[in-house]
Amino acid sequence: MKKIISYLMTVMFIFQLTAFAQSDELDNVLNDTANYIMDTLKNPEVSSIGGEWAVIGLARAGIDNKTYYQDYYKRVEEYVKKNSGSLSDNKYTEYARLILSVGAIGKDPSDVAGVNLIKPLDDYDAVTRQGINGPVWALIAVNSKSYGSVSSAVREQYIQYIIDAQLSDGGWSFDRNAEVSDPDITASAVIALSQYKNNMGAVEAVDKAVDYLSESQNERGGFSSWGSESPESGAQVLMAICELGIPVDDSRFVKNDNTLLDNLMGYYSQGKGFSHTRGGESNQMTTEQCMCALAAVKRNEEKRNTFYDMTDIGKIADEPKDTFGLPNKNADISYKNIIAQKTFADISGHKNQTEIEALASRGIISGMTDTEFKPDATMTRAEFATITVNALGLPVKRDNPFNDVKEQDWFHDYVSTAYAYGIVRGVSDTEFNPNGTITREEAMAMVMRLSGIAGMTAEINENEARSVLAVFDDYKTVSDWAVTSAAYCIKEGISDGSEMTVKPKEYVLRAEIAQMLFRMMERAELII
C-alpha cells in the first residue's frame, strides 16, 4: 500500500494506509467514527438508519458501552410490543436486521418481549416476497449464531433461490431480469453464501461473484452504483471480502495502487464521520455503513470471527427466563440458556447441523473432541442419560439401585438423576448396563418419558400405536415394550419416519439423538 498521506483541506482527511501503520490508523478512525456516532445518535431507534446498523457496527467494533446498548434494547422491546410482534407483512428484512442487532449486543432474538423474531424467517414464501434481499438477509441473520428456529430445509431453499438469481456476469441485481449486476446486492449475496463451503453450487456462485466484483472495481479502488461512485457500495464489498477472509490488499482488489480501504478513507473527515460524496457533508447512513466495514477489516486483520459470525459473543441471555415451557412441566426443570456458541468441523452441511449446534451451544450435548461431533457414531446408555438430564437442567439425585453404576463413575450422578425422574430404567432390577450402546427403540422410550416430564401429553393407546406403526415395513420387529413409545415419537414428529422403517434394534446415531432431543424440546417450548 501507499505511505500515509495526511493533509488538511478544510475538515477532510484522506488516508492512504501502509501495512506498517494500518492497524494504528484503523483503530484511530474506528474510535473517532464510533465517538461521532454515539455523540450524534444519542438514542438509536428501530430503523435502518439511525438504529440497527449503528448498534451492530459499534458492537462488532468492540465498543464497550453497555448503557447505550441496554437503552437501545429497551426501545426494541417497546417497538416489538407496540407492533404485537409483527414487524412487516412484506419486508422480512425488518426481522433480519433486528436479529443481527439484538444478537450483536448479547441479547436473545428468539425472546424479545416474549416474541421470537427468528421464527418468521422460516416462512419461505413470505421471506421471498420482497425478492432477492429477503433470502439473502434471512441467511445472514439466522447463520450469525446457532439459531434453531429456521429449518435446514428452508435454508437450503434460500441458498438455491440466491444461486438461481445470479446473473450471467457473475453478480446479482435487485431486478432478476436486469442485464447488469449491482455491486451492493452482489456483496450481500456473497456474505449470505459464504458459510456454505460444502455446497458446490454456493461455492461456484461465490467464485463467480468475486471475479465480477474484482472486474467492477474502478481505478480509485471504489465501486459505482446507480451511475456514480458510492462509498456505501464500497463498504459492502469490503465487508464481503473480509467475510471470505480475503486481505484488503489482495491483488484482485487493488486498482492503480488503491485498495477498497484507501477509497473509503477518501470519504472520511476527522470528527465528522463519512460523507456520501468526497468533501461533502457528513451522512448518517454512509457513516454507519463505513463503520461496519472498518469493524470487518479490523476483525479480518486480527484473525477474529468475521463481522457476521457472532458466535464469539457468547452467552445470549443475561438472566434465566422467568416463564418457559408447558404449564404441566415438572417444577424442577430449568431453562437452558446459550452458554457459548458451538459448532464442529464435521457437521458443516449436515442435515442435523442446526439441531446439533443448538444443543451444543446450550451445554446439552458435547462433541467427541473440541472440533469433531462424529454425527454417525453411536452413543452409550450412560451418555444418553447424561444429555437427557442436561436437556431439562434437573437437580442432581444420587441414589440408584444399580450395581454397575458406582459413585466413582463419571456418569453416576447423571444416571441416578435420570432414574430418579423416571427417564431411564435398568436392563434388570440391579443392572443399568451404562456402557451398552443404545438402540433406537431404547432411545424412543426414554424420549417419551422425557416428554411427559416436560409437560407434554406423553400418552398413546396400544391400538392407536399399532395403527401408527403398521405403515412401516419393519413394524413387527419393534419390541412389545417399545410399541407405544416408538409410535408416540413418530406421531409427534420427534423421530424421523420418512424412510418408512423404524429400525428399532439398530443403534441410534449421535446426529439422530440430537434431532430427537431438539424436536422434543422445541415442542415442549424448552428451546426456541
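Each number in the numbering used here corresponds to the 1-based position in the sequence shown with 719 added.
Glycine included, C-beta positions come from ideal geometry on N, C-alpha and C.
Note that the structure is a prediction, hence the values are computed from the model and not measured.
Quick check: what's the CA-CA separation for residue i versus residue j?
i, j, result
"V922", "I1083", "32 Å"
"R1144", "Q1127", "20 Å"
"L1245", "L1078", "11 Å"
"M1235", "S1214", "6 Å"
"T1136", "A1173", "15 Å"
"R1229", "L745", "45 Å"
"L817", "N852", "15 Å"
"A1110", "D827", "19 Å"
"A1139", "T1203", "22 Å"
"Y866", "T1073", "7 Å"
"G1155", "G1171", "25 Å"
"N977", "L957", "13 Å"
"R1238", "N1122", "33 Å"
"I1052", "D751", "48 Å"
"K1158", "R1242", "The amino acid at residue 1158 is misidentified as Lys; the sequence shows Thr. Straight-line Cα distance between these residues: approximately 23 Å."
"P854", "T996", "31 Å"
"M1004", "N1071", "39 Å"
"V929", "V967", "13 Å"
"A815", "V1134", "41 Å"
"P763", "I1179", "52 Å"
"K673", "N1047", "The chain is shown only over 720 to 1247; residue 673 falls outside these bounds and no answer can be derived."
"V795", "F1103", "40 Å"
Using a Cβ-Cβ cutoff of less than 8 Å, which residues in the same chain neighbour residue i once the five nearest sequence positions on both sides are dropped?
i, result
"I756", "A773, G776, L777, G992, T1006, E1007, M1010"
"M1219", "V1190, F1191, D1192"
"E1150", "F1121, N1122, D1123"
"Q879", "G920"
Helix, strand or coil for residue i? Go by DSSP, reduced to three states.
i, result
"Y811", "coil"
"E1241", "helix"
"Y931", "helix"
"S947", "strand"
"S1204", "helix"
"L1228", "strand"
"S1001", "strand"
"V1146", "coil"
"V1134", "helix"
"T1099", "strand"
"T1107", "helix"
"T905", "helix"
"T1220", "coil"
"T1090", "coil"
Apart from the five residues just before and just after residue i, which ones in its own chain have a Cβ nearer than 7 Å to its Cβ?
i, result
"K916", "V922, S1067"
Taking 8 Å as the cut-off, decide whether the C-beta atoms of residue i and residue j are in contact.
i, j, result
"L980", "P950", "no"
"I881", "L840", "no"
"A832", "R779", "no"
"I1057", "R1081", "yes"
"L1169", "T1107", "yes"
"P1223", "E1181", "no"
"V1307", "A1205", "There is no way to answer for residue 1307, as the model of the chain reaches only from 720 to 1247."
"V869", "I837", "yes"
"V821", "Y792", "yes"
"A1201", "M1163", "yes"
"S907", "Q955", "yes"
"G941", "E934", "no"
"F1130", "A1101", "yes"
"K864", "T1030", "yes"
"A884", "R874", "no"
"C961", "T905", "no"
"L1013", "V748", "yes"
Leaving out five residues before and five after residue i in sequence, what residues of the same chain have Cβ atoms less than 6 Å from its Cβ?
i, result
"M1087", "K1093"
"F739", "For F739, the predicted structure reports a pLDDT of 27, less than 50, and the residue's modelled location is therefore unreliable. The matter cannot be settled from this model."
"I768", "Q1003, M1004"
"R1049", "Sequence check: residue 1049 is Asn here, not Arg. Around N1049: I1172."
"K1125", "none"
"R939", "N977, N982"
Taking 7 Å as the cut-off, is the CB of residue i close to at least one heavy atom of the ligand FMN?
i, result
"D1065", "You won't find the ligand FMN in this model; it holds no ligand whatsoever."
So, does the CB of residue i fall closer than 8 Å to a CB anywhere in chain C?
i, result
"A1230", "The structure shown contains no chain C; it is built from a single protein chain."
- prompt: For the segment 967 to 996, which segments carrying the alpha helix (DSSP H) assignment without a break, of at least 4 residues, lie completely within its bounds, in sequence order?
  reply: 979 to 984
query: In chain order, which alpha helix (DSSP H) runs of at least 4 residues are fully inside the segment 820 to 873?
result: Fully enclosed alpha helix (DSSP H) runs of 4 or longer: 843 to 847, 852 to 861.
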